[in-house]
Amino acid sequence: MSDRKATAAIVGSGNIGTDLMYKLLRSDWVEPRWMVGIDPQSEGLRRAAECGLQTTVQGADWLLGQDELPDLVFEATSAQVHRTNAPRYAEAGIRAIDLTPAAIGPYVIPPVNLGEHLGAPNVNLITCGGQATIPMVAAVSRVAPVSYAEIVATVASRSAGPGTRANIDEFTRTTSRGIEVIGGAQRGKAIIVLNPADPPMIMRDTIFCAVPADADLDAIAASIRQMVAEVATYVPGYRLLNDPQFDQTTVVTGAGSTTMARVSIFVEVEGAGDFLAPYAGNLDIMTAAATAVGDAMARSLTTVGATTVGATAVGATEEEAR
Amino acid sequence: MSIGQEQLKVRITDTSLRDGSHAKRHQFTEAEVISIVSALDAAGVPVIEVTHGDGLGGSSFTYGFSHTPEQTLIQAAVRTARTARIAFLMLPGVGVTDDILAAADNGASICRIATHCTEADISVQHFGLARERGLETVGFLMMAHSQPPEALAKQARIMVDAGCQCVYVVDSAGALILEQVGDRVAALVAEVGDDAQVGFHGHENLGLGVANSVLAARAGARQIDGSTRRFGAGAGNTPVEAFVGVCDKIGIHTGIDFFAIVDAAEDVVRPAMPEECLLDRMALMMGYAGVYSSFLKHAYRQAERYGVSGAQILVRAGERKLVGGQEDQLIDIALELQREQNLALP
Chain E
1 MSDRKATAAI VGSGNIGTDL MYKLLRSDWV EPRWMVGIDP QSEGLRRAAE CGLQTTVQGA
61 DWLLGQDELP DLVFEATSAQ VHRTNAPRYA EAGIRAIDLT PAAIGPYVIP PVNLGEHLGA
121 PNVNLITCGG QATIPMVAAV SRVAPVSYAE IVATVASRSA GPGTRANIDE FTRTTSRGIE
181 VIGGAQRGKA IIVLNPADPP MIMRDTIFCA VPADADLDAI AASIRQMVAE VATYVPGYRL
241 LNDPQFDQTT VVTGAGSTTM ARVSIFVEVE GAGDFLAPYA GNLDIMTAAA TAVGDAMARS
301 LTTVGATTVG ATAVGATEEE AR
Chain U
1 MSIGQEQLKV RITDTSLRDG SHAKRHQFTE AEVISIVSAL DAAGVPVIEV THGDGLGGSS
61 FTYGFSHTPE QTLIQAAVRT ARTARIAFLM LPGVGVTDDI LAAADNGASI CRIATHCTEA
121 DISVQHFGLA RERGLETVGF LMMAHSQPPE ALAKQARIMV DAGCQCVYVV DSAGALILEQ
181 VGDRVAALVA EVGDDAQVGF HGHENLGLGV ANSVLAARAG ARQIDGSTRR FGAGAGNTPV
241 EAFVGVCDKI GIHTGIDFFA IVDAAEDVVR PAMPEECLLD RMALMMGYAG VYSSFLKHAY
301 RQAERYGVSG AQILVRAGER KLVGGQEDQL IDIALELQRE QNLALP
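Protein chains in written order, with the working numbering: chain E, 1 to 322; chain U, 1 to 346.
Next up, the structure:
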C-alpha cells in the first residue's frame with residue numbers, strides 16, 4: 001500500500017465491532033490495529049487476533065495507556081460507556097466515530113452531510129434505522145419542503161440485541177431527531193417493529209413524507225432514485241422495493257388539517273455478510289456508514305496524496321523511503 | 001356451581017374506545033367518548049380503555065391519524081367516569097415513556113403495555129417507569145396463537161420481573177380455538193401465578209370470543225377483555241354484553257349489570273360505530289390465516305387504492321408472518337399483487 005493509512009482502534013468486540021473490523025480491513029485509508037473488549041470469551045476478540053490486530057480485555061483504559069495511540073477510534077459499546085470514554089479520547093487527540101446512541105458529537109449520514117464534520121473530534125451515527133431512512137427524507141426535502149416525515153423500521157428479532165431492546169425509546173427519539181435535523185423534515189416520527197419470523201426477514205424501512213399538494217412529484221422520484229444509488233455505493237444491498245408512491249391525503253395534526261401529498265418510499269437493506277448475516281442489514285448499514293466516515297476522516301488526516309483518491313507512484317516511493 | 005366452590009370472579013376491561021378505535025379509523029369525538037364512558041360506567045364496567053387503536057403515539061401515517069388527540073379523550077373519560085377506572089395501551093417502539101407520564105397526569109390509572117409475544121424484553125423500561133409513577137400495570141403478549149404455551153410463559157416471566165401485575169394472552173388474530181386458550185392461560189398461571197394475574201383478550205375472527213373467554217376464566221384468567229357490541233378490530237372483540245350474560249348463567253361474577261350493558265350496546269355504542277363488526281370474508285381470512293386484526297381496514301383501503309383483492313392481501317400478510325404494527329407492508333403486498341395482476345394480463 002502507498003500512503004500511511006490512518007490507524008484505528010475498535011472499542012467494543014461484539015457483533016457490530018467485529019463486522020466493522022472486516023470492512024476496515026478492506027479499506028484503502030484506514031488500518032484497524034487494535035480491538036478492545038472486556039469479555040475474554042468474545043468471538044470478536046478471537047477473530048481480531050486471527051486477523052493480526054492487537055487485542056485486550058481491559059477496555060479503553062488499556063488503549064489509552066499504550067505508547068502508540070490510534071488516529072481514529074470506532075466505538076460500538078453502549079451510550080453509557082461511550083459517554084465515559086469520549087472525553088478521554090478527545091484529550092488524547094483521538095478522533096472518535098460513535099456507533100452508540102450517546103450522540104456527543106454531531107450526527108453524520110454519509111450521503112447527506114459527510115463533508116461537514118470531518119474536522120470534528122467526535123461524530124455520531126444516530127441509529128441503524130436512521131442510517132437507513134434519513135437519506136430518503138433528505139432526498140425528498142432537497143426538492144420539496146417536508147412538513148412531517150415518518151419512518152417504520154422493521155428488523156428481524158435476531159438482529160436486535162440486548163442494547164437495542166433495553167433502549168427502544170432511545171431509538172425512536174434519536175431517529176426522530178435525526179429525521180428533523182439531518183433529514184430536513186419539520187417534524188419527524190420513528191417507529192420500530194421487531195419480527196421473529198424464521199427464516200429471519202431482511203431489514204425493511206418505509207418512509208412517509210408529507211409535502212405540499214402541488215410539489216413536483218417527478219423531481220421527488222428522481223431525487224429518491226439518485227439517493228438510493230448514492231447509499232448503494234457503500235451499502236450494495238440497499239434497494240427500493242417499489243416505485244415511490246404518491247397519495248393526496250389529509251394530514252390531521254393538533255393544529256387542524258391540511259391537504260398534502262404523501263410520498264411513500266419502501267426500501268430493503270440487505271447486509272454484505274462480512275460477519276453479520278445478510279438479513280441484519282440494519283447493523284450492516286451502521287458498519288458501512290462508519291467505514292465511509294472513517295475513510296473520509298482518514299483522507300482528510302493524511303498529508304500525502306490527500307486530494308486524490310489513491311496515491312501516485314511518486315508519493316508511494318517517498319512514503320516507503322521513510 | 002358446586003357446593004364449597006368459591007364463585008369465579010373476573011375483572012372485565014372494555015376496549016371499545018381503544019380496540020374500537022381501529023373500527024372507527026381513530027375518528028372518535030370527545031362527545032362520543034363521554035357518552036360511551038357514561039353508559040359503560042353506569043352499567044358497572046370496572047375498567048374502560050381509551051387510546052388510539054395502536055396505543056399511545058399511534059396517530060400516524062402508518063396507523064391512521066386521530067381525529068381528536070388521544071390525551072384529550074383520556075381526560076374526557078377520566079372526567080366522566082364515576083366508578084370505572086380508565087386504562088390506556090402503549091406499544092414500545094410506537095409510543096414512548098413520556099406518553100405514559102402524560103396519560104397518568106391526565107388521570108388514567110392502568111397502564112397496559114403490549115409487545116409481540118416473543119419480544120417482551122423491549123417493555124422492561126416501560127413497566128419500571130409505570131410502576132414508579134404509581135400506575136397499575138398490565139402486559140399484552142400479542143399474536144399469542146403464534147407461540148406455544150411454554151414460550152409464552154417465559155415471556156410472561158420477563159414482563160412480571162419487570163413490574164407487570166397481570167399478563168394477558170392476546171389473541172390478536174382471533175385465531176385461537178378453545179383449549180388452545182386454556183392451555184396458554186394455564187401455562188402462564190403456572191409460571192407467574194404467585195406473582196401476578198393472568199388475562200385473556202379475544203377477537204371474533206373465528207366466532208369464538210365468548211367461548212374462548214369462558215375457557216380462559218376456567219383456566220385461571222382473572223382479567224378478561226371485551227368490547228361492547230364487539231366494537232373492535234377485525235370481526236370485533238369478545239362482545240361484553242354476551243359474555244356478561246353467559247357469566248350470569250354459569251356462575252362467573254363480573255359485577256356488570258346485563259340489562260344495562262345490553263341497553264348501552266344498543267342505544268349508545270352501536271350509534272357511534274361506522275358499521276356493525278361482522279364475521280365477513282375478510283375477517284374470517286384473518287382468523288384462518290393468523291393475521292393481526294387491525295390490518296382489516298388498512299387492507300380494504302389498499303385493495304381499493306391498487307385494484308387488488310383485500311382477502312388476498314390478508315392471506316399474503318399471513319404467509320409473510322407479519323406481526324402487529326406492520327401495516328406499512330400491506331401497501332408493499334398490494335403493489336406486489338398489482339404487478340402479478342398486470343403480468344397475468346393477455
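We put the CB at the ideal spot given by N, CA and C, even for glycine.
Tell me whether residue i is buried or exposed, calling it buried when 16 or more other Cβ atoms sit within 10 Å of its Cβ.
{"i": "E:F208", "result": "buried"}
{"i": "U:T115", "result": "buried"}
{"i": "E:K189", "result": "buried"}
{"i": "E:K23", "result": "buried"}
{"i": "U:A347", "result": "Since the first residue shown for chain U is 1 and the last is 346, residue 347 of chain U is missing from the structure and cannot be characterised."}
{"i": "E:D19", "result": "buried"}
{"i": "U:I250", "result": "exposed"}
{"i": "E:A292", "result": "buried"}
{"i": "U:K24", "result": "buried"}
{"i": "U:F200", "result": "buried"}
{"i": "E:F74", "result": "buried"}
Once the 5 residues before and after residue i are set aside, which same chain residues still bring their CB inside 8 Å of it?
{"i": "U:V308", "result": "Q302, A334, L337, Q338, Q341"}
{"i": "U:H26", "result": "H52, G53, G58, S59, Y63, G64, F65, S66, H67"}
{"i": "U:A144", "result": "C117, L152, V169, V170, D171, S172, L176, R184"}
Could you name the residues of the same chain whose beta carbon sits closer than 6 Å to that of residue i, not counting the 5 residues immediately before and after it, in chain order?
{"i": "E:M153", "result": "Looking at the sequence shown, residue 153 of chain E is not Met but Ala. Excluding residues within five positions, the ones whose Cβ falls inside 6 Å are G129, I192, D205."}
{"i": "U:R133", "result": "A104"}
{"i": "U:A283", "result": "N205, G234, A235"}
{"i": "U:G139", "result": "I113, M159, C164, V167"}
{"i": "E:A215", "result": "A144, A261"}
{"i": "E:S13", "result": "M35, G37, S42, G44, L45"}
{"i": "U:R229", "result": "A265, V269, R270"}
{"i": "E:F275", "result": "T18, D19, Y22"}
{"i": "E:M136", "result": "I207, I265"}
{"i": "U:Y306", "result": "A334, Q338"}
If you draw a straight line from the C-alpha of residue i to the C-alpha of residue j, how long is it?
{"i": "E:T302", "j": "U:L56", "result": "50 Å"}
{"i": "U:I74", "j": "U:I100", "result": "12 Å"}
{"i": "U:S123", "j": "E:A166", "result": "8 Å"}
{"i": "E:G105", "j": "E:T175", "result": "15 Å"}
{"i": "U:I34", "j": "U:S109", "result": "18 Å"}
{"i": "E:W5", "j": "E:A298", "result": "Checking the displayed sequence, the identity of residue 5 of chain E turns out to be Lys instead of Trp. About 7 Å."}
{"i": "U:V181", "j": "U:V169", "result": "8 Å"}
{"i": "U:V240", "j": "U:A43", "result": "11 Å"}
{"i": "E:Q226", "j": "E:V235", "result": "14 Å"}
{"i": "E:D243", "j": "E:A86", "result": "42 Å"}
{"i": "U:A264", "j": "E:N282", "result": "49 Å"}
{"i": "U:I252", "j": "U:S16", "result": "22 Å"}
{"i": "U:G202", "j": "E:T287", "result": "43 Å"}
{"i": "U:L135", "j": "U:A84", "result": "15 Å"}
{"i": "E:A210", "j": "U:H126", "result": "30 Å"}
{"i": "U:E327", "j": "U:H298", "result": "7 Å"}
{"i": "U:R18", "j": "U:V45", "result": "15 Å"}
{"i": "E:E180", "j": "E:R173", "result": "11 Å"}
{"i": "E:N15", "j": "U:F28", "result": "46 Å"}
{"i": "U:P149", "j": "U:V192", "result": "13 Å"}
{"i": "E:Q248", "j": "E:V112", "result": "28 Å"}
{"i": "E:S159", "j": "U:D257", "result": "49 Å"}
{"i": "E:A49", "j": "E:L72", "result": "19 Å"}
List the whole-angstrom C-beta distance separating residue i from residue j, where the pair is believed to meet the contact cut-off of C-beta under 8 Å.
{"i": "E:T100", "j": "E:A76", "result": "7 Å"}
{"i": "E:L114", "j": "E:A290", "result": "Contact flag wrong, Cβ pair sits at about 12 Å."}
{"i": "U:H52", "j": "U:G58", "result": "4 Å"}
{"i": "U:C247", "j": "U:T238", "result": "At roughly 11 Å, the Cβ-Cβ gap does not stay under 8 Å, so U:C247 and U:T238 are not in contact."}
{"i": "U:G310", "j": "U:Y300", "result": "5 Å"}
{"i": "E:V108", "j": "E:V123", "result": "5 Å"}
{"i": "U:A81", "j": "U:I36", "result": "Between U:I36 and U:A81 the Cβ distance is about 11 Å, and since that is not below 8 Å, they are no contact."}
Using a Cβ cut-off of 7 Å, pull out every chain C residue sitting near residue i, in sequence order please.
{"i": "E:L241", "result": "Of the protein chains in this structure, namely E and U, none is chain C."}
Which same chain residues end up closer than 7 Å to residue i when comparing Cβ atoms and leaving out the 5 residues on each side of it in sequence?
{"i": "U:A242", "result": "V210"}
{"i": "E:A222", "result": "none"}
{"i": "U:A217", "result": "L8, V10, I224, I252"}
Closer than 7 Å: is that where the CB of residue i sits relative to any heavy atom of the ligand MG?
{"i": "U:G128", "result": "This structure lacks the ligand MG; in fact it carries no ligand of any kind."}
| Segments of 3+ residues assigned as beta strand (DSSP E) that fall wholly inside the region 50-103 of chain U | 85-90
| message | If we require 4 or more residues per run, which alpha helix (DSSP H) segments fall completely within the region 189-233 of chain U? | response | 209-218
| query | Going along the chain, which unbroken runs of the beta strand (DSSP E) with 3 or more residues stay wholly within the region 98-163 of chain U? | reply | 110-116, 136-142
| Contained beta strand (DSSP E) runs [length at least 3] in the region 189-217 of chain E, N- to C-terminal order | 203-212
| What residue ranges within the region 8-80 of chain E form continuous beta strand (DSSP E) runs of no fewer than 3 residues, ordered along the chain? | 30-36, 54-56, 72-75
| field | In chain order, each beta strand (DSSP E) run of at least 3 residues that lies wholly inside the region 227-311 of chain E | value | 238-240, 245-253, 256-269
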